[in-house]
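Novice:
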Amino acid sequence: MIRLFHHHSSTTSRLFFRSARYHYSTEKPSFDGTTPAFSKIACIGTGKMAHALLKPMITTGFHPAKDFTVFDVSTNLMEQVSKELGVKTAESIPEAIEDADFILCAVKPQNLNSAFFAEFRKAQPHPNAILLSVIAGKTIDVFHHTHINKIVRSMPNTPAQVGEGMTVWSCTPNLTGSDRNLIQTVLSTCGHSMYVDDESYIDMATSISGSGPAYIFLLMESMIDGAVHMGFPRDKATTLVYHTMLGSTLYAMESGEHPAILRNMVTSPSGTTASALYELENGKIRTVIKDAMWACYRRSLEMGNHDSNVGPGRSQSPHVVHAATPDSELSNSSDDEDVRQR
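Take the sequence shown: its position 69, counted from the start at 1, is 69 in full-length UniProt numbering, and no numbers get skipped.
#1: Only counting the same chain, and skipping five residues up and downstream in sequence, which positions put a Cβ closer than 8 Å to that of K150?
#2: What is the DSSP secondary structure of S92, reduced to helix, strand or coil?
#3: In angstroms with no decimal places, state the Cα-to-Cα distance between K122 and P94.
#4: Which residue wins for smallest C-alpha separation from D101, given the options T69, S39, V134, A52?
#5: Could you please give the first and the last residue of the uninterrupted alpha helix (DSSP H) stretch that includes F217?
#6: Exposed or buried, what is E106 when buried is set at 16 or more other beta-carbons lying within 10 Å of its beta-carbon?
#7: With 16 as the cutoff for other CB atoms within 10 Å, does K138 come out buried or exposed?
#8: What is the DSSP secondary structure of A100, counted as helix, strand or coil?
#9: Tell me the DSSP secondary structure of L175 in three-state form.
#10: Among the candidates Q110, I140, H147, whose CA atom is the shortest distance from the CA of Q124?
#11: How would you label Y278, buried or exposed, when you count the other beta carbons within 10 angstroms and need 16 or more for buried?
#12: What are the residues that DSSP puts in a beta bridge with L240?
#13: Rounded to whole angstroms, what's the CA-CA distance from Q161 to A274? Just pull it up for me.
#14: What first and last residue would you give for the beta strand (DSSP E) that runs through R153?
#15: In the DSSP assignment, find the alpha helix (DSSP H) that holds T287 and state where it starts and stops.
#16: Measuring CB atoms only, is the stretch 56 to 65 touching the stretch 76 to 91, in the sense that at least three cross pairs come out at less than 8 Å?
#17: Report yes if the C-beta distance between T206 and S300 is below 9 Å; otherwise report no.
#18: Mind the definition here: the stretch 187 to 198 touches the stretch 246 to 266 only if three or more C-beta pairs lie below 8 Å; say whether that holds.
#19: Ends of the beta strand (DSSP E) at L77?
#20: By the three-class DSSP mapping on this structure, what secondary structure does I130 have?
#21: Less than 6 Å between C-beta atoms, sequence neighbours within five positions excluded: which residues of the same chain meet that for T167?
#22: Determine the burial state of I216: buried for a count of at least 16 other Cβ atoms within 10 Å of its Cβ, exposed for fewer.
#23: Just the Cα atoms here: how many angstroms apart are H144 and F71?
#24: With 16 other CB atoms within 10 Å as the buried threshold, where does V241 fall?
Here it is in structure tokens:
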């Protein structure tokens, strides 16, 4: 079962709308900061994704900076994060996670090795600690080497840095309903979140939302360069492309129409759009995009040491526990209630 929790914040749009499939608002989550959810939050790794999650947790008032302790093998990077966010620093992994009841693990996949876990086991985190991983390709089972029982695996994306992230997450069965609500709240500080009870969906989501911003940025870059080639000043072309992307996305979300219908609405017989679409289709744009997504998915599986022989022309099919109906794939407030009752 897949559940989409819509927690959101935006500084780019003033739209508010509701449909049967999607609920979007510009309202930012707000917290009074008087009852912190955790006694100590540790973060191992201070790269882009760690920063994308840490910053909104502090700036939204979800948790005061004084309760955060970070560690990174890169002292310079760690000090930069400390200076910007006002968080404490540690000289080792054990020092960072000692007594922590929430641990964000954001190291590079290749650094998640036996030496890392050996350092982890030297400390005594809070007995009820929750570990949240944002490491691509690494399954929940890997983190049992930490001796922490409550594990959350997630795949965020870089728009989290502006409060518009999309994070897909799963967890070990021993997380209570309260624990899951807490994770949901943490993720709400940086955008939207989708819970999946089968973590194989996370590897798939890596190719959609996780790496998806890179596809969008490449399309943006190509359109801007094309406009410059025609004679548009680069700054003007950039403005046109950015707002076309943003407006089209918001329009699709608000209308609830299938993208094909919206595309047809722009396409007149023998018109300019029809000519452009002909060239895109002739270049097999759909196949190229799908092949890129399959390649991303396979790489995520490889990073987790799983069989990556999946996709068109391959011998294996993606593992899916059950097929969700369109109505159950993306659900709204009733699912929040369902989690609270667990």
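C-beta: ideal position from N, C-alpha, C; glycine also.
Specialist: Reading from the atomic positions:
#1: Within the sequence shown, residue 150 is the residue found at index 150, counting from 1. Correct list, in chain order: N128, A129, I130, L131, C171, T172, N174, L175, D179.
#2: Mapped onto the sequence shown, residue 92 falls at position 92. Coil, per DSSP.
#3: Translated into the one-based positions of the sequence shown, residue 122 becomes position 122. Translated into the one-based positions of the sequence shown, residue 94 becomes position 94. Using only the alpha carbons, I get a separation of about 6 Å.
#4: Along the sequence shown, one-based indexing puts residue 101 at 101. Comparing Cα positions, the closest option is S39.
#5: Counting from one through the sequence shown, the residue named residue 217 turns up at place 217. Run containing F217: 212 to 230, per the alpha helix (DSSP H) assignment.
#6: On the sequence shown, residue 106 is found 106 positions in, with the first residue counted as 1. Reading off the sequence shown, one finds Ala at residue 106, where the question assumed Glu. The residue in question, A106, is buried, as its Cβ has 16 or more Cβ neighbours within 10 Å.
#7: As a position in the sequence shown, residue 138 is number 138, starting the count at 1. So K138 ends up on the buried side.
#8: Within the sequence shown, the letter at position 100 stands for residue 100. In the structure shown, A100 sits in coil (DSSP, three-state: anything other than H, G, I, E or B).
#9: The sequence position of residue 175 within the sequence shown is 175, counting from 1. Of the three classes helix, strand and coil, the one that applies to L175 here is coil, per DSSP.
#10: The residue you call residue 124 lines up with position 124 of the sequence shown. Nearest C-alpha to Q124 among Q110, I140, H147: H147.
#11: Position 278 of the sequence shown holds residue 278. By the 10 Å Cβ count, Y278 comes out exposed.
#12: Here residue 240 refers to the residue found at position 240 when the sequence shown is read from its first residue. According to the DSSP secondary-structure assignment, L240 is paired through a beta bridge with no residue.
#13: Stepping through the sequence shown from its first residue, residue 161 is reached at position 161. Stepping through the sequence shown from its first residue, residue 274 is reached at position 274. Cα to Cα, the separation comes out at about 36 Å.
#14: Locating residue 153 in the sequence shown gives position 153, where the first residue counts as 1. That run of the beta strand (DSSP E) goes 150 to 155.
#15: As a first step, residue 287 is located in the sequence shown; it is residue number 287 there, counting from the start. Boundaries of the alpha helix (DSSP H) harbouring T287: 285 to 303, taken from the DSSP string.
#16: yes
#17: Translated into positions along the sequence shown, residue 206 becomes position 206. Translated into positions along the sequence shown, residue 300 becomes position 300. Cβ distance < 9 Å, so T206 and S300 count as in contact.
#18: no
#19: Working through the sequence shown from its first residue, we reach residue 77 at position 77. Counting along the chain, no beta strand (DSSP E) covers L77; the unbroken alpha helix (DSSP H) around it starts and ends at 75 to 85.
#20: Taking the sequence shown and counting its residues from 1, the one referred to as residue 130 is at position 130. DSSP, read as helix, strand or coil, puts I130 in strand.
#21: Taking the first residue of the sequence shown as 1, we reach residue 167 at position 167. Hits under 6 Å: S154, P156, L187, S193.
#22: Against the sequence shown, residue 216 aligns to sequence position 216. When all chains shown are included, I216 counts as exposed.
#23: Against the sequence shown, residue 144 aligns to sequence position 144. Against the sequence shown, residue 71 aligns to sequence position 71. Computed Cα separation, rounded: 21 Å.
#24: The residue given as residue 241 occupies position 241 in the sequence shown. That one is buried.
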